[in-house]
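Engineer: Next up is a structure, given as structure tokens.
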Amino acid sequence: MSASMSTTEQSMKISMDTLHATHLSAFKRTLGGILSTMLAERTFAQIIDGLPTRDDGGYFPTYSKEIRDNAISSPEAMEAARGVGEYFSTNTILVDAKLAQAYQDARSGSDEFYLRLLEMLAIACHDIAARVYVDTQPGLRREGQSLEERLAALEGRPTDLMHEDYCDSQQYPNGVADVVGYWAEYHLFGGVCKRAFLHPVGGFRIFHLSNSQIEQFIAYVQRFAEASEDTHIQPPFPFSAEKYTYRVDPFDAMALNIYRDRYERVIQRDRPARCVQRLADFPELQDAVVQINRDGSGQ
Numbered sequence: 000m001s002a003s004m005s006t007t008e009q010s011m012k013i014s015m016d017t018l019h020a021t022h023l024s025a026f027k028r029t030l031g032g033i034l035s036t037m038l039a040e041r042t043f044a045q046i047i048d049g050l051p052t053r054d055d056g057g058y059f060p061t062y063s064k065e066i067r068d069n070a071i072s073s074p075e076a077m078e079a080a081r082g083v084g085e086y087f088s089t090n091t092i093l094v095d096a097k098l099a100q101a102y103q104d105a106r107s108g109s110d111e112f113y114l115r116l117l118e119m120l121a122i123a124c125h126d127i128a129a130r131v132y133v134d135t136q137p138g139l140r141r142e143g144q145s146l147e148e149r150l151a152a153l154e155g156r157p158t159d160l161m162h163e164d165y166c167d168s169q170q171y172p173n174g175v176a177d178v179v180g181y182w183a184e185y186h187l188f189g190g191v192c193k194r195a196f197l198h199p200v201g202g203f204r205i206f207h208l209s210n211s212q213i214e215q216f217i218a219y220v221q222r223f224a225e226a227s228e229d230t231h232i233q234p235p236f237p238f239s240a241e242k243y244t245y246r247v248d249p250f251d252a253m254a255l256n257i258y259r260d261r262y263e264r265v266i267q268r269d270r271p272a273r274c275v276q277r278l279a280d281f282p283e284l285q286d287a288v289v290q291i292n293r294d295g296s297g298q
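Numbering (numbering that gives the first Met the number 0), first residue to last: 0 to 298.
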């Protein structure tokens with residue numbers, strides 16, 4: 000995989016306003032609902048500050064004293080974050096042309112319609128987060144710091160706003176801004192989204208949304224279709240893996256065509272050896288361990 004992308008490899012973007020009325024309405028109303036949540040405000044405030052809070056940056060193996068000391072986002076960043084949803088509800092959003100066509104080709108109300116919509120929403124939030132980052136870097140919390148001070152605090156990371164599996168900024172169309180976009184996807188949806196698959200942080204395996212989770216999302220979209228314009232509805236995400244859901248090791252995802260863009264991650268040549276496995280990723284093994292402990296305790 001090359002370190003840079005040619006123009007032909009990059010996705011062409013079109014205005015969302017080219018979508019059919021039904022598809023456009025579902026997209027705009029649901030996106031507006033997501034952007035108006037406290038979760039979205041907290042996510043965008045951290046981007047505007049240029050620094051995650053310690054509760055939202057805790058999946059790093061280690062993280063800086065700056066993050067440990069950053070309990071909450073600044074009031075100025077929170078205030079600015081509240082305007083993000085309003086801005087993008089009145090301005091044109093560009094979407095991937097191929098994905099937009101696939102969404103438009105899906106019959107309204109079908110399962111394909113909702114899965115394509117979910118991916119469209121995740122990518123739109125990714126792109127909005129990337130744009131907010133570009134417009135506000137290096138961030139309110141880093142004002143007055145020299146470039147050398149900022150680089151020293153990052154300790155080699157492209158940014159503190161980072162999903163650890165999506166940090167290859169040198170090959171992303173928007174560089175570090177896309178790293179921030181993937182980070183925002185994780186916070187808003189529970190992982191980087193490819194239709195019904197989500198890639199969480201912390202070394203967990205990619206998981207498939209359950210039927211009940213997909214139904215929750217469908218119900219969420221349908222409530223917006225029936226509600227008044229100023230209705231606030233709590234989304235069912237961020238999603239987390241249900242115990243017995245289908246999971247895929249990230250090493251195998253590309254071969255199984257579970258990815259959004261080929262450039263999103265660099266897959267190692269050889270499968271990485273794991274000396275520790277997370278029981279949450281292997282529910283059958285978890286059940287076996289529980290049973291062994293019960294048998295050993297005499298219960």
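A virtual CB, placed ideally from N, CA and C, is assigned to each residue, including glycine.
(1) In whole angstroms, what is the alpha-carbon distance linking L114 and R194?
(2) For H19, list the residues DSSP reports as bridge partners.
(3) Check whether the Cβ atoms of L139 and S73 lie closer than 7 angstroms to each other.
(4) I'd like to check one pair, T135 with I47: are the Cβ atoms closer than 7 angstroms?
(5) Name, in chain order, the residues that DSSP records as bridge partners for R246.
(6) In the DSSP assignment, what are the bridge partners of H162?
(7) Take every Cβ of the stretch 251 to 261, pair it with every Cβ of the stretch 230 to 241, and state whether three or more of those distances are shorter than 8 angstroms.
(8) So, helix, strand or coil for F196, using DSSP?
(9) Taking the alpha-carbon of D248 as reference, which of R268, G202, R106, R261 has the nearest alpha-carbon?
(10) Measure the Cβ-Cβ separation of P157 and V131 and say whether it is below 7 angstroms.
(11) Look up I13 in the DSSP assignment and give the residues it is bridged to.
(12) Quick check on DSSP: helix, strand or coil for V265?
(13) With which residues is I191 paired in a DSSP beta bridge?
(14) By alpha-carbon positions, which one of K12, E241, Q267, D280 ends up nearest to Y164?
(15) Can R53 be considered in contact with the ligand MN, in the sense that its beta carbon sits closer than 6 angstroms to one or more heavy atoms?
(16) I'd like the list of long-range same chain contacts for F87, defined as Cβ closer than 7 angstroms, with 5 residues on each side in sequence excluded.
Structural biologist: Per the coordinate set shown:
(1) Position 115 of the sequence shown, counted from the start, is the residue given in the question as residue 114. Position 195 of the sequence shown, counted from the start, is the residue given in the question as residue 194. It is roughly 5 angstroms from the alpha-carbon of L114 to the alpha-carbon of R194.
(2) In the sequence shown, residue 19 corresponds to position 20, counting from 1. The partner list for H19 (beta bridge, DSSP) is empty, contrary to what the question assumes.
(3) On the sequence shown, residue 139 is found 140 positions in, with the first residue counted as 1. On the sequence shown, residue 73 is found 74 positions in, with the first residue counted as 1. Using a Cβ distance threshold of 7 angstroms, L139 and S73 count as a contacting pair.
(4) The residue given as residue 47 occupies position 48 in the sequence shown. The residue given as residue 135 occupies position 136 in the sequence shown. Between I47 and T135, the CB-CB gap stays under 7 angstroms.
(5) Numbered from 1 along the sequence shown, position 247 holds the residue referred to as residue 246. Note: R246 is bridge-paired with F206 in the DSSP secondary-structure output.
(6) Counting from 1 along the sequence shown, the entry for residue 162 is found at position 163. The partner list for H162 (beta bridge, DSSP) is empty, contrary to what the question assumes.
(7) No, they do not touch.
(8) As a first step, residue 196 is located in the sequence shown; it is residue number 197 there, counting from the start. In this structure, F196 counts as strand in the three-state DSSP scheme.
(9) If you number the sequence shown from 1, residue 248 lands on position 249. The option with the nearest alpha carbon to D248 is G202.
(10) Within the sequence shown, residue 157 is the residue found at index 158, counting from 1. Within the sequence shown, residue 131 is the residue found at index 132, counting from 1. In this structure, P157 lies away from V131, with their beta-carbon atoms at least 7 angstroms apart.
(11) The count along the sequence shown starts at 1 and reaches residue 13 at position 14. Under DSSP, I13 forms a beta bridge with V94.
(12) Residue mapping note: residue 265 aligns to position 266 of the sequence shown, counting from 1. Reduced to three states, the DSSP call for V265 is coil.
(13) Within the sequence shown, residue 191 is the residue found at index 192, counting from 1. First, the amino acid is wrong: residue 191 is Val here, not Ile. DSSP, once it has assigned bridges, lists H198 as partnering V191.
(14) For the purposes of this step, residue 164 is identified with residue 165 of the sequence shown, where counting begins at 1. The sequence as given places Asp at residue 164; Tyr does not occur at that position. Taking the Cα of D164 as reference, the smallest distance to any Cα among K12, E241, Q267, D280 is reached at Q267.
(15) The ligand MN is not part of the structure shown, which contains no ligands of any sort.
(16) In the sequence shown, the residue the question calls residue 87 occupies position 88. In the same chain as F87, and ignoring 5 residues on each side of it, the C-beta atoms closer than 7 angstroms to its own belong to L34, I127, in chain order.
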